[in-house]
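Undergrad: Numbering-wise, the sequence shown is residues 1 to 570 according to full-length UniProt numbering.
Ideal Cβ placement from N, Cα and C applies to all residues, glycine included.
Note that the structure is a prediction, hence the values are computed from the model and not measured.
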Amino acid sequence: MLRMITLIDLLNDHGPKDVHLEGRMIVLTRVKDAPLSYRQGWAESSAALHITKAWLGAALSHAKFRSCLLAMLQFLESLPFTARMARDRDFVELLDQIQSLPLSEEESTIYNRLMSPSARHDTSPPQGPVHDSRERVYDVKSVALGNNSVSKDSTVQADEEMISSNESEITADDIFSQFRVDDIAIYLETTMRMLRAPQSGWSEADCAYMIHSIFQKALDTRESYQYMLSLTGNDAQLVLDALHFLLAYTPSLPPPDRRQILKALQRLSNRSQLYPACLALTNVEREPHPIASGHFGEVYKGYFEGKVVALKLIKMYERTKASVITKAVLHEVVIWCQLVHRNVLPFLGIHESEEGWISLVSPWMRHGSLPRYLSQKPNANRLLLISDVASGLAYLHEHGVVHGDLKGVNILVSPSGHACLADFGLAKIADNEIISWTSIRTSSTQGGGTIRWQAPELHDPNDDVTPKATPESDVYSFACVCYEVMTSRLPFYEFPRDSTVIMKIMQGHRPSKPADSDLPWFEADVIRELWRLVEECWQQNPSLRPGASDIVQRDIIRVDADTRTEHSWE
Numbered sequence: 001m002l003r004m005i006t007l008i009d010l011l012n013d014h015g016p017k018d019v020h021l022e023g024r025m026i027v028l029t030r031v032k033d034a035p036l037s038y039r040q041g042w043a044e045s046s047a048a049l050h051i052t053k054a055w056l057g058a059a060l061s062h063a064k065f066r067s068c069l070l071a072m073l074q075f076l077e078s079l080p081f082t083a084r085m086a087r088d089r090d091f092v093e094l095l096d097q098i099q100s101l102p103l104s105e106e107e108s109t110i111y112n113r114l115m116s117p118s119a120r121h122d123t124s125p126p127q128g129p130v131h132d133s134r135e136r137v138y139d140v141k142s143v144a145l146g147n148n149s150v151s152k153d154s155t156v157q158a159d160e161e162m163i164s165s166n167e168s169e170i171t172a173d174d175i176f177s178q179f180r181v182d183d184i185a186i187y188l189e190t191t192m193r194m195l196r197a198p199q200s201g202w203s204e205a206d207c208a209y210m211i212h213s214i215f216q217k218a219l220d221t222r223e224s225y226q227y228m229l230s231l232t233g234n235d236a237q238l239v240l241d242a243l244h245f246l247l248a249y250t251p252s253l254p255p256p257d258r259r260q261i262l263k264a265l266q267r268l269s270n271r272s273q274l275y276p277a278c279l280a281l282t283n284v285e286r287e288p289h290p291i292a293s294g295h296f297g298e299v300y301k302g303y304f305e306g307k308v309v310a311l312k313l314i315k316m317y318e319r320t321k322a323s324v325i326t327k328a329v330l331h332e333v334v335i336w337c338q339l340v341h342r343n344v345l346p347f348l349g350i351h352e353s354e355e356g357w358i359s360l361v362s363p364w365m366r367h368g369s370l371p372r373y374l375s376q377k378p379n380a381n382r383l384l385l386i387s388d389v390a391s392g393l394a395y396l397h398e399h400g401v402v403h404g405d406l407k408g409v410n411i412l413v414s415p416s417g418h419a420c421l422a423d424f425g426l427a428k429i430a431d432n433e434i435i436s437w438t439s440i441r442t443s444s445t446q447g448g449g450t451i452r453w454q455a456p457e458l459h460d461p462n463d464d465v466t467p468k469a470t471p472e473s474d475v476y477s478f479a480c481v482c483y484e485v486m487t488s489r490l491p492f493y494e495f496p497r498d499s500t501v502i503m504k505i506m507q508g509h510r511p512s513k514p515a516d517s518d519l520p521w522f523e524a525d526v527i528r529e530l531w532r533l534v535e536e537c538w539q540q541n542p543s544l545r546p547g548a549s550d551i552v553q554r555d556i557i558r559v560d561a562d563t564r565t566e567h568s569w570e
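1. By Cβ distance below 7 Å, which residues in the same chain neighbour residue 572 in space, the five residues on each side in sequence not counted?
2. DSSP beta-bridge partners for Ala280?
3. Taking DSSP's pairing of strands, which residues face Glu566 in a bridge?
4. For the candidate residues Ala548, Ile527, Leu533, Val485, whose alpha-carbon lies nearest to that of Thr470?
5. Going straight from the alpha carbon of Val299 to that of Ala292, what length do you get?
6. Residues bridged to Leu360 by DSSP?
7. Could you check what DSSP says for Arg286 in three-state terms: helix, strand or coil?
8. Within the 9 Å Cβ cut-off, does Arg489 reach chain D?
9. Taking buried to mean at least 16 other C-beta atoms within 10 Å of its own C-beta, is Val27 buried or exposed?
10. Suppose the cutoff is 7 Å on Cβ atoms and the five residues either side in sequence are ignored; what does the same chain contact list for Gly297 look like?
11. List the DSSP bridge partners of Ser293.
12. DSSP beta-bridge partners for Ile527?
13. Look at the alpha carbon of residue 585 and the alpha carbon of Gln273, and state the distance between them as a whole number of angstroms.
14. Go ahead and label His367 buried or exposed: buried means 16 or more other beta carbons lie within 10 angstroms of its beta carbon, across all protein chains shown.
15. Using the Cα positions of Asn379 and Met486, report the straight-line distance between them to the nearest angstrom.
16. Tell me the DSSP secondary structure of Lys513 in three-state form.
17. CB-CB under 6 Å to Trp538, same chain, minus the five flanking residues each way: which ones, in chain order?
18. Measure the C-alpha to C-alpha separation of Ala34 and Gly201 and round it to an integer number of angstroms.
19. Using the beta-carbon count (16 or more within 10 Å), is Glu398 buried or exposed?
20. Would you check if there are 3 or more beta carbon pairs closer than 8 Å linking the stretch 401-414 to the stretch 553-566?
21. Looking at the strands, I want to know which residues DSSP matches up with Pro369.
22. Is it buried or exposed, Asp241, if we count other Cβ atoms within 10 angstroms and call 16 or more buried?
23. When you compare the stretch 345-364 with the stretch 518-530, are there three or more beta-carbon pairs, one atom per stretch, that lie closer than 8 Å?
24. Does the beta-carbon distance from Leu393 to Asp474 come in below 9 Å?
25. Around the Cβ of Leu36, are there at least 16 other Cβ atoms within 10 angstroms (buried) or fewer (exposed)?
26. Can you check DSSP and say which residues form a bridge with Lys307?
27. What does the alpha-carbon distance come out to for the pair residue 587 and Leu490?
28. Using the C-alpha atoms, what's the distance from Trp55 back to Ser67?
29. Out of Leu360, Glu354, Ala310, which one is the CA nearest neighbour of Glu332?
30. For Thr221, count neighbouring Cβ atoms within 10 angstroms of its own Cβ and tell me buried if that reaches 16, exposed if not.
31. Taking only three categories from DSSP, how would you classify Val92?
32. Applying the criterion that 16 or more other CB atoms from any shown protein chain within 10 Å of the CB defines a buried residue, is Asp423 buried or exposed?
33. Can you list, in chain order, the residues of its chain whose CB lies under 8 Å from that of Gln74, leaving out five sequence neighbours each side?
34. Could you have a look at Ala71 and say whether DSSP puts it in helix, strand or coil?
35. Glu167 to Arg196, Cα distance in whole Å?
36. Taking the CB atoms as reference points, tell me whether Val308 and Ile386 lie closer together than 9 Å.
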């Protein structure tokens, strides 16, 4: 809910002359019908008087605002006539000009009452905390916002007392119900500036509520939504920053709303080739030589704020591919930065070097990938690591995200020994509900290739449409990861040629069950139960595979005895 003082802030930041007729009428009506204390606050505010003069002058001089004059007169009559008004020569001259107009009978009656001697003296009550604090709050906010058009009495103190009466509250719908879609960027800017002003009294929840209301107005029609997505430059940046803020500070958003907002954020980022400004990192140092490389990027060790970090540098050697790669990177960034879970690698931000190279920054995982960790610590609790992977995957699917390239080398191990999903890369919207999250893919000959973890429906040669990763195909890949963890071998390690592996998968073959003697780190009953789950997860028919949310509820996955140290990224 917005108080009167917030309404003044928004109008003043918007520019009172730019508000169209319908917007002016709704504001005048709301103020006129408000309680006396509310109208007293308006009358005592220098900023409110500035808005009043602007609108009254327009009603007197512009034909398109002539119909607003009656509402202006009713509004002025409802205000206590204060010493501030009497001292303002411009305001008094505007009142005198009204008599030269051809007024209707109703307008003339109200004007005569307004100009009567009994009305034109200071009718405000003695200075008290209600109206005085309201003026002070506005002036403090104006100074914080750098608004030089508002005069501030040097004796005013930063008293943050607000109007608490429910009768004086105005909802976001009241303010925006008549405003046009091209006002969106301006109102978002005002909202974000109010948050950054310490004296404003606005909380993160207040701003998130307002941003959500504005965004809902943009979704009223397809045309307004497309207008928002067509913004460029500073306007696009404002919307990106606001939507990112909304997602970050409103964890209670219903999942459909969250997906809708994330989708809009991703599309606008894609079109404008911008990203939320808060994700930009400076003072990042990078070591000269990469520690790993792939088709689209290289991984470097670096340093940020005294901590060791990993930098995934995106290659863009060919200008013709730069735009495509940039869009893919922005897709990844918009998704990754919204995900916070102990089994998902955190995203710290984006670093742009002086040479123009873009790097995605995340914590440094000194244990490296899951296969590497197991080769160095074969006696690690492998069941706990499988449970970590299942938990991270369930979190992704719960948030409408498909990993799309789940395999051992794309799972890292934190310093505390917890597995976390990583190497997301090149993300894209797969359909209206699901966001596909594919990685900077290894080639088919490196490390056994991605195809050994891919579900049969992704290899289907009879499908003329490029197959898309789904939650079901992620579950198939999870089964292959379980096989990796159980055996420390690649799926279908017996077959060196990927073409043979594809044929085997399409024929319904799966990696063979290892002998119990080959799995010294598991007890026999654990092997049987775990293998039963693996067979469920890599069934040929995707619809028969369990969901990730079901997997994490299985007894074999719900491990109670976790002897690892407390989870940490450092």
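TA: In short:
1. With the chain covering 1 to 570 only, the question about residue 572 has no answer from this structure.
2. Listed as beta-bridge partners of Ala280 by DSSP are Ile350.
3. DSSP output for Glu566 lists no bridge partner at all.
4. With distances taken between Cα atoms, Thr470 lies closest to Ala548.
5. Going by the C-alpha atoms only, they are around 5 Å apart.
6. DSSP, once it has assigned bridges, lists Lys312, Ile350 as partnering Leu360.
7. In this structure, Arg286 counts as strand in the three-state DSSP scheme.
8. Among the protein chains of the structure shown there is no chain D, as only one such chain exists.
9. Val27 is buried by the Cβ-count criterion.
10. Excluding sequence neighbours, Gly297 sits near Lys312, Leu313, Ile314, Lys315, Ile440.
11. The partner list for Ser293 (beta bridge, DSSP) reads Glu298.
12. Residue pairing by DSSP places Ile527 in no beta bridge whatsoever.
13. The question about residue 585 has no answer here: the residues shown for the chain are numbered 1 through 570.
14. Buried, by the Cβ-count rule.
15. About 11 Å.
16. It is coil, neither helix nor strand.
17. Excluding residues within five positions, the ones whose Cβ falls inside 6 Å are Tyr476, Ala479, Arg510.
18. Those two C-alpha atoms are separated by around 22 Å.
19. The residue in question, Glu398, is exposed, as its Cβ has fewer than 16 Cβ neighbours within 10 Å.
20. Short answer: they don't touch.
21. A quick correction: the sequence has Ser, not Pro, at residue 369. In the DSSP output, where bridge partners are listed per residue, Ser369 has Leu412.
22. Around the beta-carbon of Asp241, 16 or more other beta-carbon atoms lie within 10 Å, marking it buried.
23. Touching, no, given that fewer than three Cβ pairs across the two stretches are closer than 8 Å.
24. Leu393 is a Cβ neighbour of Asp474, given a cutoff of 9 Å.
25. Burial call: exposed.
26. Among the bridge pairs identified by DSSP, Lys307 is matched with Phe304.
27. The structure shown has nothing for residue 587, since the chain only spans 1 to 570.
28. Distance between the alpha carbons of Ser67 and Trp55 is about 12 Å.
29. The shortest Cα separation from Glu332 among Leu360, Glu354, Ala310 belongs to Leu360.
30. Per the 10 Å Cβ criterion, exposed.
31. DSSP places Val92 in the helix class (H, G or I) of the three-state scheme.
32. The residue is buried, with at least 16 neighbouring Cβ atoms inside 10 Å.
33. Excluding positions up to five away in sequence, the list reads Leu28, Lys32, Ile110.
34. In the three-state reduction of the DSSP assignment, Ala71 falls in the helix class.
35. Low per-residue confidence applies at Glu167: pLDDT is 37, beneath 50, and the placement is therefore not dependable, though the value from the model is reported in the following sentence. About 28 Å.
36. The Cβ-Cβ distance between Val308 and Ile386 does not fall below 9 Å.
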